[in-house]
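Q:
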Amino acid sequence: DQRDGIIPSLYAKLVFYRYIKYAPMYYFVFFMGWSIFPYLSSADTWYLSETLFHDCEKYWWSNLLFISNLYPWFTEGLNGCYYWPFMIICDFQLYLMIPLCVILFKRKHLVFQLIMILFAVGGSIMNYFLFYASKLSVGVLTLENYYLFSENFNKPHTKLPLIAFGCWMGQFYLNVLEYRKHGNDVDKKKANFGLIHIIHSSNLVKVFLIVYGIVVLNLTTLIPFTANKEAYSWTRTENALYNAFAKFGYITPIMGLLALVLCE
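This is the structure we're talking about:
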């Protein structure tokens, strides 16, 4: 990857491999569902199955291109055209950035770190204002959350902080591999990989990471209880703040526990 000429072809190859990984089953379910579901039954609730592919005559092509979460921009949570594989679509769209992040990591390390900080901080700020401007709420049973799926759940840009934390975790893993190469040379380990050495050798840090992981994961999960119990009990600011920082509450404990395992 040191020659500029190889980068475009390598990038195209990686994207193609990702596409091939998803496309066969994704297309199979789409075309089978679109063609067969409307004829399966006419019982009381089976009309809902038709709504799953209701708009496919207009938007089938956006599904083939893996952009159905972007066009049409608005999609109902229980209607439209093959809306439910949005996680696969978001994963594919966000993956388009990963090879570029790796190239930056190898060649422009400072630029890489700045972009990751922008993703983490800027992405969280953006999530706050998107949630606030749309009057969305953490409690699902509000009228405004009619737009929650199309404004938040199925959009790739709301997941930018996770890209940053994922790349940082990849960087940490590469450093762990280098750390292991030094064997019993404690001085070099301390000098070059101080954080990893502390996690590896300090029982106090290990206990902290375990407690932090358990406590923060549970708090992040349980805090929205009141918002779901009483749909309008939280203010717009409280809802937006939770949406902005909940990803930190889930991903940082997992990263800490994963770091603990890697450093053993």
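Residues 892 to 1155, numbered by our numbering, are exactly what the sequence shown covers, in order.
Backbone N, C-alpha and C define an ideal beta-carbon position, used for all residues, glycine too.
Predicted model, so just to flag it, every value in this text is computed and none were measured.
1) Quick one, which of Leu-1053, Tyr-1023 and Cys-1058 has its alpha-carbon nearest Leu-1039's?
2) Would Thr-1117 be called buried (16 or more neighbouring beta carbons within 10 Å of its own) or exposed?
3) Cutting at 7 Å between CB atoms, please list the residues of its own chain near Trp-1189, excluding the five before and the five after it.
4) What does a CB cutoff of less than 6 Å around Gly-1236 pick up in its chain, not counting 5 residues either side in sequence?
5) Excluding five sequence neighbours on each side, which residues of the same chain lie with their C-beta closer than 8 Å to the C-beta of His-1048?
6) Just verifying my parser: in three-state terms, what is the DSSP assignment at Phe-1044?
7) What does a CB cutoff of less than 7 Å around Pro-1144 pick up in its chain, not counting 5 residues either side in sequence?
8) Does the contact criterion of 3 or more C-beta pairs under 8 Å hold for the region 900-913 versus the region 965-983?
9) Taking the beta carbon of Val-1098 as the centre, do at least 16 other beta carbons fall within 10 Å, making it buried, or is it exposed?
10) Kindly list the residues whose CB is nearer than 6 Å to the CB of His-1088, restricted to its own chain and excluding five residues on each side of it in sequence; keep chain order.
11) What's the C-alpha gap between Leu-955 and Ala-1122?
12) Hey, would you say Ala-1150 sits closer than 7 Å to Ile-1090, going by beta carbons?
13) Would DSSP call Ala-1122 helix, strand or coil?
14) Ignore the nearest five residues each way along the sequence and tell me which others in Thr-1111's own chain have a CB closer than 7 Å to its CB.
15) Rounded to the nearest angstrom, how far is the Cβ of Leu-995 from that of Ile-1006, given a contact under 8 Å?
16) Mapping the DSSP letters down to three states, classify Pro-976 as helix, strand or coil.
A: Working from what's here:
1) Tyr-1023
2) exposed
3) No answer is possible for residue 1189: the residues shown for the chain start at 892 and end at 1155.
4) Residue 1236 lies beyond the stretch modelled for the chain, which goes from 892 to 1155, so this question has no answer here.
5) Gly-1014 and Met-1017
6) helix
7) Tyr-1103, Gly-1104, Val-1107 and Leu-1108
8) yes
9) exposed
10) Lys-1080 and Lys-1081
11) 37 Å
12) yes
13) coil
14) Ala-1137, Gly-1140 and Tyr-1141
15) 7 Å
16) coil
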